[in-house]
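If you count by full-length UniProt numbering, then the sequence shown holds residues 1 to 1179, one letter each, in order. Cβ atoms here follow ideal geometry from the backbone N, Cα and C, with glycine treated the same way.
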Amino acid sequence: MESSTAIETGAATLLQAPGVPGVPGVSGGAAGCLQQSSGSTRSRNGPTDALSAGAVPSRGRSNPVINSITNEDRKSSTKTIHQHGPRNIVRDCLLPAMFERHCTLLEYLNELVAVQQQAQLSAANSTTAPSSSAFSSFRRPRALPQPLRADDPQEYQHLLTTTLVAFSPGVPISPFKRGADFSQSCTQEELLNRLLELLFREHQPSHVLAPGYRKMRNNDKVLGTVNSLYGVENYFPNTTLNYLKTLPWELLLARMGDSVVLHLLLSASVFVRLNNGCYMQVSGAPADDATPSQPARSKQPKQNMMANKPARKQPKSSSSWHVVPVSDSTERTSAPSTSNMPFDVTDVSDDKADQPPANPVASYATTYLPRSRIFYSLVKATRFPKSHCLNRFEPSTRSAEQLVMRILHPASEPAGKANQTPIKSKHQRVPSRLAPLVSFVAKILHAHRRLSYGAMLQRLCPVPEHVQLIPAKSSHPSSSQATTTQSSNPRPHYRELINSFSTYAQVSAYLEAVTSTLLPKNAWGSAANEAKFRSHLALFVRLRRFDKIALQTMLDGIQVSAIPWLAPPNQLAKSPVGPFHCSGPTDLAKRTGMLASVIQWLFDDILIPLIRMHFYVTESGPHRNRIFYYRQAVWRSITKLSMQPLLSSMLQHVPKKEAKSILSKRMFGFSYLRLLPKAKGVRPIINMGRKPSAAEVSQYLMRGHPGKPRLSINVRLQNLFHVLTFEKNRNPAPLGASLFGIDDIYPRLLPFVNHWIGQGRQSEIYFVSLDIQSAFDTVNHDKLLAVMDGVLQEDEYMMRRFVSVVSAGDKPRRRYNRRVCVAGDFAQFSEFASSVSKDEMKNALLIDQVVYPFQEKQELLDMLQDVVRNNIIRIGKRFYRQRAGISQGSLLSTLLCSYYYGHIESQILPPLPADKGVLLRFVDDFLLVTTDYEYAVSFITAMYTKLSEYGAAINPDKTLINFPFAVAGVQLPQAERDQFPWCGFLLNTKTLSISADYSRYSGVYLNESLTVDVSRHPGRSLRHKMIQSLKPKCHAMLLDCRLNTLLDVQVNVYQIFLLSAIKFHCIVRELPASRRVQGNPAFFIELVLESISFFYSLIQTKTQGVALPVQCSLTRRQVMWIGCHAFITILERKQTDYAPLLRGLTKLQQSFGKGVEHSCVAATHRSRSEILFAVAEFN
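Okay, structure coming up:
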């Protein structure tokens, strides 16, 4: 009888076993093994390496079969495995991040056969067998299958060599327990039915083959019980099962047997190769459930981040303690609280006190202060509420002890409830080690009682005396009042109000004064520590809108040994004046953790709430991400002044009772409005992507999907959006001249340019640019709904849902996708995934979500009517209805506006022959390029005279033409040069060449539009920013030599690199001094070269486009030389900062310039890029 122990041992070491060429179809070499993504693989019964050395476990003799592996075998195996190229993103990046082990299907099958042969060899060399003929027959080695043969069908060979198999930790690799069985005893359909029975034996499984099926209950009605399937019913077709019934999988079953295929589909995650490096998952737990730290649906024990072993249970009484991080990469977004802070006090035994803990710096660097909470606050309070921790606790030692435990042990109360929950009567014991900290906090409680926050604010952040504020008691005017006020005195005092913001220095001074008054004298232990904290506080105040600041940044430069309230009581008693030296790494970690907890509490519960109470913090239109601090009284005056024109034209007040009635009957809830300050007014931004709070849901009874009452309006509109997108792609005619992206310009413009060039460039070209004034706000609801009724052509639509998992840096990122299909177009998911991977995606895992929702046409029209006619907007505590126009914050706004103005085009404009010109429109920005003067004149006349029928009008300030023409006796603005600007581009009126318009960067600080992460991985962040900044600049129309000359293309590329170099300088300037170019010049040289090479790869992608390839004759050496020249030209202005980088780039440019410099030098002339050089000087 075969040795079951040998089989189990072989299965346990399957990942370490080399291939066995002696078995037909089994490849040799290390490439034939399952790849381990992390760590080493051990047997479930203990460590063993019996097969890794190719030895027989029972005797230790050499195995001639295994030792006969040759180098040629290894090379051929590697060639077979990697026949699809050396770089496979899914295999090399995604699967290692999500699973412990992975390999190809052929490798897996070969290893199973190899392990079985090894088990037979082990059994043959075991104890002597009986002489009975029966036993002799039984001991004869069984015939082993050959997974792949030379004459197998091509589809089957492709399946085995390209399909990937992955295993999560704890999942058995081998299907054999007592003996191998490669026989087939059932059909493919019977095996799949058996698989479903096993999946549903206990509960609803997490498996890609389970959706569409469910376990039947005794009282369930039979909806669609599967034949030969007990206790399971099918309620929606899972087409992945149909794919598993195809011929290659039937041949796999016949070749390998029931046990192997059943175990493969039941326990492993299997991914079938598609196009463009994509894979479709056909078995296993859904890959979208997997994360880098947690494989799909596998439960991992929680680890103590401060030690190599798991944290021990906290003893009830101990005299020593330490600080343990309990969260990672988090930013607080809840109400002021200490409950989510990243450090927890846990008692430990004294015998561990001399052992240094793991370095906690990584946790500090990934824990961000909740800076996002300071924005857009409309709090009217001028003092902390009674529930605030500083008001709840009396200035006594006992209260200070309670507050200390809440600061250091935030898990004692629920998240977000630190300032609301009552004080517990039970006193929590405080270790004597914390006595100095208790005294420190008690002094803060005493100082809080004496501090006048309002008087300090008025002294340090005063409102200018010449600014007249609107009284706080005045409410928003009604529509009639707003009309009267607007006509009599339009926008009084606005310019004074909008410029009455508090400077960064004033806000920093106020926060510094508060902390200096609250904290005891010598709280920081030294003047250097206090100066460091003040500099970090000033950094917190002046950061841009989306910048983050980590707790580690607040700790940098502060000497914990100088701070008295961090020292042990015995050390403090000996000398009340520092420094208080740490006894070792553990003591240093304790003090650092205490300091981190106190600093985070200081920001969470004091400084950030103070900013929210006294300031309205917002970005602005002209300054992009730069933030402004407005006193709440100033912002209330700006809001009330700005609401007057909105109420007179767009909004209608709705009584609260009526608003509640409307909200209780609709699923969309209400929108939120905020105002973005501009130089000449404010821009109303209606936010439809914000989720309502739980309190808002319960108060206004907003109807929603069961179990999902807090979905935002835009999330609920996704089905309607995808249906409209489907109709847009299927029938674009009703959209007229609409464009939905910059890349849409190129295929529209190229045919006309080719025709004009074919005619000898003799016809004069007329350009007309028009803009519809307040296009979104003037849309007529009735006419819009009438137009959209004709857009939906089907009675019912199905939303096909699937998940795509892509590699984002070092981590997988999942995206939930929807595609619409109609009756008769429903395809198997394998066919659909193949189409998607060919046309839309690359290097992604695709997982079918199986159960697809249906939407009827009338439901969609009712939904559209509700969101257009009953758009309820909340401003403060008041509700308004949008009585005109559509919200720009809606997911549907661009599509609706495009359909609406596309309909207007068809009604008021005559058709334009393709050989006469082209009409383009970005929502409301029209561009006409034509050789027909009469059509250009008729176009202008119709747009100025007939739009009034639809309640719209042309904005005369944004009208531009390149020929003289007057409307109603008024001469229209005319382009001064041959360059005609439109939507960020310049079109040459003589040659039709296209270049980018960089005039919008003039006089602008580029660092105001950037977001820099200086806390955790600044180098990685810089690389990401550089790469991302190049992607939106690589447009086909700037690179095509049919639209531009080669010199024009070179100039366009050079200008793109100039702008990239300016942004590079702005970002590097924000980095800490120790992390700039002088510290690591090789990294920055590599980064610049990587950015330039990446842009060349983008050009190559454009030239290989399927629909309309770009004709670009730039070579790699030319692009590299132009890119190096651009970076050298910008960075040489600061030679002292970039000296080593400049030397490296100069040498590289010289190496790239051999043979190409003479053909590119003309593009780098300063006169061709004067605007960008001016931008560089300004920044």
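- Considering only His493, Arg459, Leu717 and Asp957, the residue with the shortest C-alpha distance to Gln468 is His493.
- Beta bridge pairing from DSSP links Met280 with Val272 and Leu846.
- Using a Cβ distance threshold of 8 Å, Tyr899 and Val779 do not count as a contacting pair.
- Glu794 is not a Cβ neighbour of Thr931, given a cutoff of 8 Å.
- Across the set Tyr1054, Asn238 and Ala596, the C-alpha of Tyr1054 shows the shortest separation from the C-alpha of Ile1092.
- The stretch 722–791 is shown to contain whole alpha helix (DSSP H) runs of 4 or more residues at 745–758 and 781–789, in chain order.
- Assignment of His263 by DSSP, reduced to helix, strand and coil, places it in the helix class.
- Contact annotation: the stretch 111–123 does not touch the stretch 864–871, with fewer than three C-beta pairs closer than 8 Å.
- Note that the stretch 565–572 does not touch the stretch 542–555; fewer than 3 beta-carbon pairs, one per stretch, sit closer than 8 Å.
- Looking at the DSSP output, Arg921 bridges to Ser738 and Phe926.
- Here DSSP, grouped into helix, strand and coil, assigns Phe1057 to helix.
- DSSP places Arg716 inside the alpha helix (DSSP H), whose first and last residues are Ile713 to Arg716.
- Judged by pairs of C-beta atoms under 8 Å, the stretch 797–808 does not touch the stretch 950–965, as fewer than three such pairs exist.
- Here Arg874 is bridged, per DSSP, to Tyr672 and Phe879.
- Secondary structure at Gln828: coil, using DSSP grouped into helix, strand and coil.
- The beta carbon of Gly1144 sits closer than 7 Å to those of Pro1081 and Ile1085, all from its chain and outside the five residues before and after it, given in chain order.
- Checking the DSSP bridge columns, you'll see Lys245 has no partner listed.
- In the DSSP assignment, Arg813 falls within the beta strand (DSSP E) that extends over Lys811 to Cys821.
- The beta carbon of Val541 sits closer than 6 Å to the beta carbons of Tyr504, Val507 and Ser508 from its chain, once the five residues preceding and following it are set aside; these are given in chain order.
- In the three-state DSSP reduction, Ile627 falls in the strand class (E or B).
- Distance from the CA atom of Asn1052 to the CA atom of Ala1126, rounded to whole angstroms, is 12 Å.
- Using a 10 angstroms sphere on the CB of Ser837, the tally of other CB atoms reaches 16 or more, which defines it as buried.
- Judged by their CB atoms, Leu1148 and Leu1141 are not nearer to each other than the 8 Å cut-off.
- With respect to Tyr213, Asn193 sits apart: the two C-beta atoms are not nearer than 8 Å.
- For Asn729 and Gly689, the gap between their C-alpha atoms comes out near 25 Å.
- By the Cβ neighbour-count rule, Ile757 is exposed, with fewer than 16 other Cβ atoms within 10 Å of its own.
- Note on geometry: alpha-carbon atoms of Phe826 and Asp839 lie some 18 Å from one another.
- Here DSSP, grouped into helix, strand and coil, assigns Cys103 to strand.
- Between Gly231 and Tyr816, the alpha-carbon positions lie close to 31 Å from each other.
- Excluding sequence positions up to five before and after Leu555, its CB lies within less than 8 Å of the CB of Tyr364, Thr592, Leu595, Ala596 and Ile599, all in the same chain and listed in chain order.
- In the three-state scheme derived from DSSP, where H, G and I count as helix and E and B as strand, Ser1021 is classed as helix.
- In the DSSP assignment, Thr618 falls within the unbroken beta strand (DSSP E) covering Phe615 to Glu619.
- Rounded to whole angstroms, the gap between the alpha carbons of Lys245 and Glu111 is 25 Å.
- Gly578 is a Cβ neighbour of Ala562, given a cutoff of 8 Å.
- Where Pro981 is concerned, the enclosing beta strand (DSSP E) starts and stops at Gln979 to Trp982.
- For Arg818, same chain residues with a beta-carbon under 6 Å away, outside a window of 5 residues either side, are His722, Met799 and Arg801 in chain order.
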